[in-house]
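The sequence shown lines up with residues 200 to 354 when you count with this note's numbering. Here the structure comes first, spelled out in structure tokens, and everything after it is commentary.
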Amino acid sequence: MQIAELNQHPGFAGQTAQLLHTEWSHLPAWSHPPAILERLKQRNQKPSAEFTLIATPDGETVVATCSVIRYELDDIPAREFWIGEVVTDKAFRGQGVAKALIQQAIARARQQQISELWLYTPDQQAYYQRSGWQAVEQRQIAGEEVTVMVLHLAQ
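Shown next as structure tokens:
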């Protein structure tokens, strides 16, 4: 499995947008593929603190993605960087692909001296807790009950 930054392979943006849409089209932020594609393009125009990673088994097909997003939820300014848009194609689940993407995203965040990462999840709390994430609060996002979690990236 090859992991790469989307900004180095912009030709994969359409596949990445479609993967996100397929998984979450019932949620407003992922219901319109052109809007997803535009967000991906904006986030990945150049190397920055925000980025999207993709996984491809063959160099041609995107089967998983993970992003670091600045202010995915922007109501608390101290919560700046978020792991988000983590999804793996159903045929590739259970093979550690998302785990590898998340680990690489965390490593890159540490390189950029980001002190903490945030995420929210409706149903993967135990998975993230096993990796050191701490639950902070429960809240509603797009009509869905989620847990907000933090990972402190002390060196």
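For each residue, glycine too, the CB sits at the ideal point set by N, CA and C.
Between residue 257 and the set 321, 249, 211, the nearest pair of CA atoms involves 211. If you draw a straight line from the Cα of residue 252 to the Cα of residue 203, it comes to about 6 Å. The three-state reading of DSSP puts residue 305 in helix, counting H, G and I together. Only residues of its own chain outside the window of five on either side were considered, and among them 343, 345 have a CB closer than 6 Å to the CB of residue 321, listed in chain order. Within the region 316 to 351, complete alpha helix (DSSP H) segments of at least 4 residues are found at 324 to 329, given in chain order.
If the five residues before and after residue 351 are omitted, its C-beta is found closer than 6 Å to the C-beta atoms of 315, all from its own chain and listed in chain order. Per the coordinates, the alpha-carbon of residue 284 lies some 7 Å from the alpha-carbon of residue 264. Per DSSP, residue 283 is one residue of the beta strand (DSSP E) stretching across 280 to 287. Beta-bridge partners assigned by DSSP to residue 266: 251, 283. Per DSSP, reduced to three states, the secondary structure at residue 203 is strand. Going by C-alpha positions, residue 245 is about 33 Å away from residue 329.
The DSSP-derived three-state label of residue 222 is helix.
If you look at residue 290, you'll find it isn't in any alpha helix (DSSP H); DSSP assigns it neither H nor E. If you check the CB distance, residue 249 and residue 275 do not come in under 7 Å. The residues 224, in chain order, have a CB closer than 7 Å to that of residue 230 in the same chain once the five nearest residues on each side in sequence are set aside.
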